[in-house]
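Positions 946 to 1235 (the working numbering) are the ones given, in order, by the sequence shown. In what follows, a single structure is set out as structure tokens and then discussed.
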Amino acid sequence: MEFHHVMEAAGVIVLGLVFYSYVFRWFQARAPLDRRVRPAVNGLAFGALAVVLMVARIHVSDGVFVDARAVPIALIALVEGWPAALLAALVAACYRVWLGGTGAVAGVLGIFGTAAVAGLIHMWARRDRGVRARHALALAGAVFAVTFGSFLLLGARGLALFTPLAVPFLVMSAVGIGCGAYLFRDIVESQATEAARREAAELRAVTLLARAAAHEINNPLTIVVGGLALVGKRLGTDSEEAQWIARATEGAGRIKDIVARMNNITQVAETPTRGYLPPMLDIRKSSEPS
946 MEFHHVMEAA GVIVLGLVFY SYVFRWFQAR APLDRRVRPA VNGLAFGALA VVLMVARIHV
1006 SDGVFVDARA VPIALIALVE GWPAALLAAL VAACYRVWLG GTGAVAGVLG IFGTAAVAGL
1066 IHMWARRDRG VRARHALALA GAVFAVTFGS FLLLGARGLA LFTPLAVPFL VMSAVGIGCG
1126 AYLFRDIVES QATEAARREA AELRAVTLLA RAAAHEINNP LTIVVGGLAL VGKRLGTDSE
1186 EAQWIARATE GAGRIKDIVA RMNNITQVAE TPTRGYLPPM LDIRKSSEPS
């Protein structure tokens, strides 16, 4: 086995890891686009990585080659789910069809089979609230089984082709998918932790400012409400001035309700964007129980 080919394949996987890290961070800062566009971008990118790995195949022995196309497809499907899995598989499958040959059908089925089992294990990992060692090992074993099955579609010839590749491919699946899954999981968890930390800091800043403002508003508001009550007692109930005092008292009550909500902010919720107005804190939603 020529180890410089192995290092090339490892470098491609590392490039995918760095790319995913930046894409995850970039889309997380743009929440409306995150769920819709991020899987598509990652799926296309990791499909392209699978194509690169098919080109940069690993020389095992004379006339025997193996490639790591399944690794990026399996990894992106594990962390991103079905949309990314199908897009990555589609890109890789198109290239395999373009290459042609008697094994094209088996190769395409192997690619989509890898995406399918990885998507299923992604659903399993979501139920378990995160990727664990059992998910990575199960995925590596499933990818090996799918690849072996795709070779069996070629009959005795396929079995003869796969026999010298079995051990190298098993090691490549276990190391590439196993280690890659842990690294991808660390990216997701670290970004989630960082996002939670930023949200907590943002909430603390908002609550401190809101409580300080509420305190400053409440003191003169108490004097205003008391003064309106005293003036209201000296006016006739049917006079125009009494009606104005009643309206002012009602307005002061609404301010008092706003102050109470400012003291009970538990989350940061913004009002819908309107025209050129900047985002504003929605005090009513922010003070509702989360």
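Built from N, CA and C at the ideal position, the CB exists for glycine as well. Here the structure is a predicted model, which is why all the values come from computation and not from measurement.
Next on the checklist: Checking the sheet assignment: what are the DSSP bridge partners for residue 1226?
Outcome noted: The residue given as residue 1226 occupies position 281 in the sequence shown. Residue 1226 pairs with 1215.
Item to check | Nonlocal neighbours in the same chain, by C-beta distance under 6 Å from residue 1033, ignoring five residues either side | outcome: By one-based count along the sequence shown, residue 1033 stands at place 88. Result list for residue 1033: 988, 991, 992, 1018, 1021, in chain order.
Next on the checklist: Taking the straight line between their C-alpha atoms, what separation do you get for residue 1134 and residue 1016?
Outcome noted: Taking the sequence shown and counting its residues from 1, one reaches residue 1134 at position 189. Taking the sequence shown and counting its residues from 1, one reaches residue 1016 at position 71. Taken atom to atom, the span from the alpha-carbon of residue 1134 to that of residue 1016 is near 21 Å.
Checklist entry - Taking the continuous alpha helix (DSSP H) assigned at residue 1196, which residues delimit it? => result As a first step, residue 1196 is located in the sequence shown; it is residue number 251 there, counting from the start. From DSSP, the alpha helix (DSSP H) with residue 1196 extends over 1185-1207.
Item to check | residue 1059 versus 1012, 1091, 1074, residue with shortest Cα-Cα distance | outcome: Counted from its first residue, the sequence shown places residue 1059 at position 114. If we check each option's Cα against that of residue 1059, 1091 comes out closest.
Next on the checklist: Going by DSSP, what residue range makes up the alpha helix (DSSP H) through residue 1012?
Outcome noted: In the sequence shown, the residue the question calls residue 1012 occupies position 67. Secondary structure note for residue 1012: it is in no alpha helix (DSSP H), with a DSSP letter that is neither H nor E.
Checklist entry - Under three-state DSSP, which class holds residue 1047? => result Taking the sequence shown and counting its residues from 1, the one referred to as residue 1047 is at position 102. DSSP places residue 1047 in coil when its eight states are reduced to three.
Checklist entry - What is the DSSP secondary structure of residue 1040, reduced to helix, strand or coil? => result Indexing the sequence shown from 1 puts residue 1040 at position 95. Residue 1040 falls in the helix class under three-state DSSP.
Item to check | Euclidean distance between Cα positions of residue 1206 and residue 1222 | outcome: Counting from one through the sequence shown, the residue named residue 1206 turns up at place 261. Counting from one through the sequence shown, the residue named residue 1222 turns up at place 277. Straight-line Cα distance between these residues: approximately 23 Å.
Next on the checklist: So, with DSSP's three-state summary, where would you put residue 1161?
Outcome noted: Numbered from 1 along the sequence shown, position 216 holds the residue referred to as residue 1161. Here residue 1161 sits in helix by DSSP.
Checklist entry - Short check: CB of residue 1146 to CB of residue 1208, under 8 Å? => result Here residue 1146 refers to the residue found at position 201 of the sequence shown. Here residue 1208 refers to the residue found at position 263 of the sequence shown. Result no, Cβ atoms of residue 1146 and residue 1208 do not sit closer than 8 Å.
Checklist entry - Three or more beta-carbon pairs under 8 Å between the segment 1105-1119 and the segment 1050-1065, yes or no? => result no
Item to check | Where residue 1001 falls: helix, strand or coil (DSSP) | outcome: As a first step, residue 1001 must be located in the sequence shown, where it is residue number 56. Residue state, collapsed to three classes: coil.
Checklist entry - Thinking just about the alpha-carbon of each residue, which of 1099, 1000, 1125, 1086 is nearest to the one in residue 958? => result Looking up residue 958 in the sequence shown gives position 13. Residue 958 has its Cα closest to that of 1125, out of 1099, 1000, 1125, 1086.
Item to check | Extent of the continuous alpha helix (DSSP H) to which residue 1103 belongs | outcome: Mapped onto the sequence shown, residue 1103 falls at position 158. Looking at the DSSP string, the run of the alpha helix (DSSP H) that includes residue 1103 is 1101-1107.
Checklist entry - Between residue 962 and residue 1129, is the Cβ-Cβ spacing less than 8 Å? => result Mapped onto the sequence shown, residue 962 falls at position 17. Mapped onto the sequence shown, residue 1129 falls at position 184. Contact: yes.
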